[in-house]
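One structure below.
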Amino acid sequence: MTKLQFIPPQWKVAQIIMLLKPGKQPEDPKSYRPISLLPIPSKIYESLLLLRILPLVEQHKIIPDHQFGFRRKHATVDQIHRLINEIDKSFESKEYCASVFLDISQAFDRVWHEGLLFKIKSSLPNYICQILESFIQNRRFVVQHGEALSRLCDINAGVPQSACWGHYSTLSTPLTYQPQTV
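Just so you know, the UniProt record's numbering puts 42 at position 42 of the sequence shown, and the rest follows in order with no gaps.
The following block contains the structure:
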């Protein structure tokens, strides 16, 4: 399939099950946590694809050094040490230091496909871009609640929350800049 640069449509249908949150009222739709189940062949293929993509991402420094999410050998504790070092340097040089931390609600669910593909096309080989484009386009889902099943619906934004797409969701935001002391 890598040579075909095509993902079978069956692999792009997610089954969403609704789990009741503990202590919540079953009558309230907000009381449920949606869990998206992806086809197993799709997950296996995505893992194999990631093995091809990671060396390219690291070789071409597509993800900045200061981006720690979804990267090997980049733990949260390392980022905390880096932050403390920046604060120490600011104190020593008697300069101001400010930091902004963002937790973007539903970040994976809101990724703009065309924007993400544009960024990917500027940094990865064409054959990989075409595979990734096939992977996120024409995705669909069905919701199951108990025995009830919804009709098949299209997914127009967002990416699966998986190892492969975690890397590219970080590319979809222009907010990661090299820290600077002002």
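Positions of the beta carbon are idealized from the N, C-alpha and C atoms, including for glycine.
Going along the chain, which unbroken runs of the alpha helix (DSSP H) with 4 or more residues stay wholly within the region 7-90?
40-59
Who are the near neighbours of I155 in its chain, counting only those whose CB is closer than 8 Å to its CB and skipping five residues on each side?
A14, R139, R140 and F141
Taking the straight line between their C-alpha atoms, what separation do you get for K121 and I63?
14 Å
For K12, does the count of other Cβ atoms within 10 angstroms reach 16, so buried, or fall short, so exposed?
buried
Just the Cα atoms here: how many angstroms apart are P29 and S36?
16 Å
Do D68 and Q79 have their CB atoms nearer than 8 Å?
For the sequence presented, residue 68 should be read as Phe rather than Asp. Cβ distance < 8 Å, so F68 and Q79 count as in contact.
Using only the alpha-carbon positions, how far apart do P125 and V143 sit?
35 Å
Where does F135 land, buried or exposed, given buried means 16+ other C-beta within 10 angstroms?
buried
I need the straight-line Cα distance from I44 to L50, nearest angstrom please.
10 Å
Quick one: grab the DSSP three-state call for R151.
coil
Which one of P9, K24 and R52 has the shortest CA to CA distance from L38?
P9
Identified DSSP bridge partners for R140:
V13 and D154
Just the C-alpha distance for L152 and P34, rounded to the nearest angstrom, thanks.
16 Å
Can you have a look at V77 and say buried or exposed, based on whether 16 or more other CB atoms are within 10 angstroms of its CB?
exposed
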